[in-house]
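> Dumping the structure here so I can ask a few things about it.
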Amino acid sequence: MNTRMGCRKTRTDVSRRAFLKGSLATSGGLVLGGGTGLVSGLANAAPAGFPNYTYIGTAFNKVNLRYNPTGELIFPCIRGTIGRVANPLARYYLYYAPHDAPGGICLAYSDHLYGQFTEYPYNPIFSRTWPGGPPDISHVSSPHVLWNSRVNQFYLYFHGENTVTRVATSTDGIHFTYQGGCVSTRFFTDGSVTETSYARVFEHDIPSKGSHYVMVFMGNQNGRRRIFWGWSKTGDAQSWTIQQTPLVSPAADGETNISGPHVVFRNGTAYVIYHGGSGRMYITEVGMNFDKEVHLGVFHTPLGGWPDNGRAAAPSFGTEDGEEYMFYEAGDRLNATIAVAKVLW
Numbered sequence: 000m001n002t003r004m005g006c007r008k009t010r011t012d013v014s015r016r017a018f019l020k021g022s023l024a025t026s027g028g029l030v031l032g033g034g035t036g037l038v039s040g041l042a043n044a045a046p047a048g049f050p051n052y053t054y055i056g057t058a059f060n061k062v063n064l065r066y067n068p069t070g071e072l073i074f075p076c077i078r079g080t081i082g083r084v085a086n087p088l089a090r091y092y093l094y095y096a097p098h099d100a101p102g103g104i105c106l107a108y109s110d111h112l113y114g115q116f117t118e119y120p121y122n123p124i125f126s127r128t129w130p131g132g133p134p135d136i137s138h139v140s141s142p143h144v145l146w147n148s149r150v151n152q153f154y155l156y157f158h159g160e161n162t163v164t165r166v167a168t169s170t171d172g173i174h175f176t177y178q179g180g181c182v183s184t185r186f187f188t189d190g191s192v193t194e195t196s197y198a199r200v201f202e203h204d205i206p207s208k209g210s211h212y213v214m215v216f217m218g219n220q221n222g223r224r225r226i227f228w229g230w231s232k233t234g235d236a237q238s239w240t241i242q243q244t245p246l247v248s249p250a251a252d253g254e255t256n257i258s259g260p261h262v263v264f265r266n267g268t269a270y271v272i273y274h275g276g277s278g279r280m281y282i283t284e285v286g287m288n289f290d291k292e293v294h295l296g297v298f299h300t301p302l303g304g305w306p307d308n309g310r311a312a313a314p315s316f317g318t319e320d321g322e323e324y325m326f327y328e329a330g331d332r333l334n335a336t337i338a339v340a341k342v343l344w
């Protein structure tokens, strides 16, 4: 059984898994900048023919951020502004957040991927309190921004608490209006799922379901974190149907818990990339109808030293001029920062 709910209006030479040149497809059509002075190296083949990433630096020095209440930053999402925003701050917007209370959705911006990103001076752009919002939310976090081409707006998906994924909309990518909760643990009819968070949304048609968007997210089911998914038939991507059974389970990867999913489309099929408790990223083919679960193994092994310290998570991908980049959450759970890697050819 599926359940539906509508939203309320209101440096080292280390390889990174990524996508073959010219074949990457991601939500929002992100365009990023190329760089110079990078570590040289040759990418090797990885699962499903994906090449490797090499770490090139961090997006910023988190010690220098004006808003950094907990010292840990997670869940990057990188988006392009050209052709979408009139008079943007820069060509690229990077969204991220602390996880622990009070959290808060943050923004940084840059004209070049390889350069340092500048912190938006009025962070957080969306906090745990908003007009008419619930008074008892401890934090908001895990921002994923979708450029919704059907309505020409930015959609911000985030969690707060971990039991609810919420959505807000914006025309400029900075000032967001809250629309409501769109997925929650109440969608699961047997009561076995106690968290529905870390969601990412992508434009993708599945004709058999009459849907235009897919969502992947982490669900805590009976104390084990798995990847679940849902679909939306509406043009505003605010009303969702959720599959009751997991899309990806951790056992085949030798993991107990998995999280931070991202969908990629390539070679006429779809994959989910996610991380496990070991700190590695994994890749599983799910097919264009999201009806497969073909585990392909390790997608990326993190650096043992700084900044990963054995953990890389929550990737966000983009390209410009044939150059492929990955922003990711680097470091242990309570000390993470935002790192950047590049495919080197």
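Numbering-wise, numbering that gives the first Met the number 0 puts 226 at position 227 of the sequence shown, and it's gapless, one number per residue.
Where is the CB? At the ideal position from N, CA and C, for every residue including glycine.
Rounded to the nearest angstrom, what separates Arg127 and Trp344 at their Cα positions?
Position 128 of the sequence shown, counted from the start, is the residue given in the question as residue 127. Position 345 of the sequence shown, counted from the start, is the residue given in the question as residue 344. Taking the straight line from one Cα to the other gives about 43 Å.
> Within the present structure, is the beta-carbon of Pro306 separated from the nearest heavy atom of the ligand GTP by less than 6 Å?
Of the ligands one can find in the structure shown there are none, so the ligand GTP has no counterpart to examine.
> Thinking C-beta only, is Tyr52 closer than 7 Å to Met325?
As a position in the sequence shown, residue 325 is number 326, starting the count at 1. As a position in the sequence shown, residue 52 is number 53, starting the count at 1. For Met325 and Tyr52, yes; Cβs fall inside 7 Å.
> What is the DSSP secondary structure of Gly33, counted as helix, strand or coil?
Locating residue 33 in the sequence shown gives position 34, where the first residue counts as 1. Confidence is the limiting factor: at Gly33 the pLDDT is only 29, short of 50, which leaves the residue's position unreliable and the question unanswerable from this model.
> Identify every residue that forms a DSSP beta bridge with Val350.
Since the first and last residues shown for the chain are 0 and 344, residue 350 lies out of range.
> Could you pull the start and end residues of the beta strand (DSSP E) that Met217 belongs to?
Position 218 of the sequence shown, counted from the start, is the residue given in the question as residue 217. Counting along the chain, the unbroken beta strand (DSSP E) around Met217 starts and ends at 210 to 220.
> Assuming the contact rule is C-beta atoms closer than 8 Å, Tyr197 and Ser231 should be a hit. Round their C-beta distance to whole Å, please.
Mapped onto the sequence shown, residue 197 falls at position 198. Mapped onto the sequence shown, residue 231 falls at position 232. Not a contact, Cβ separation roughly 18 Å.
> Look at the alpha carbon of Gly286 and the alpha carbon of Met214, and state the distance between them as a whole number of angstroms.
Indexing the sequence shown from 1 puts residue 286 at position 287. Indexing the sequence shown from 1 puts residue 214 at position 215. Looking at the two C-alpha atoms, the distance is approximately 14 Å.
> Can you tell me the Cβ-Cβ gap for Thr80 and Gly172, rounded? I've got them flagged as a contact below 8 Å.
Indexing the sequence shown from 1 puts residue 80 at position 81. Indexing the sequence shown from 1 puts residue 172 at position 173. Confirmed, Cβ separation roughly 6 Å.
> For Ser315, report the span of its beta strand (DSSP E) as first-last.
Here residue 315 corresponds to residue number 316 of the sequence shown, with the count starting at 1. Per DSSP, Ser315 belongs to the beta strand (DSSP E) from 311 to 319.
> At the level of alpha carbons, what is the spacing between Arg224 and Asn256?
As a position in the sequence shown, residue 224 is number 225, starting the count at 1. As a position in the sequence shown, residue 256 is number 257, starting the count at 1. The alpha-carbon atoms of Arg224 and Asn256 are separated by roughly 5 Å.
> Are there three or more Cβ pairs, one per stretch, closer than 8 Å when the segment 146 to 153 is compared with the segment 104 to 112?
no
> Please state the DSSP three-state secondary structure of Arg185.
Against the sequence shown, residue 185 aligns to sequence position 186. Helix at Arg185.
> Just to confirm my understanding: we take Pro260, look at its own chain, exclude 5 residues before and 5 after, and list those with CB closer than 6 Å. What are they?
Within the sequence shown, numbered from 1, the residue matching residue 260 stands at position 261. Here the set comprises Val215, Ile226, Val271, Tyr273.
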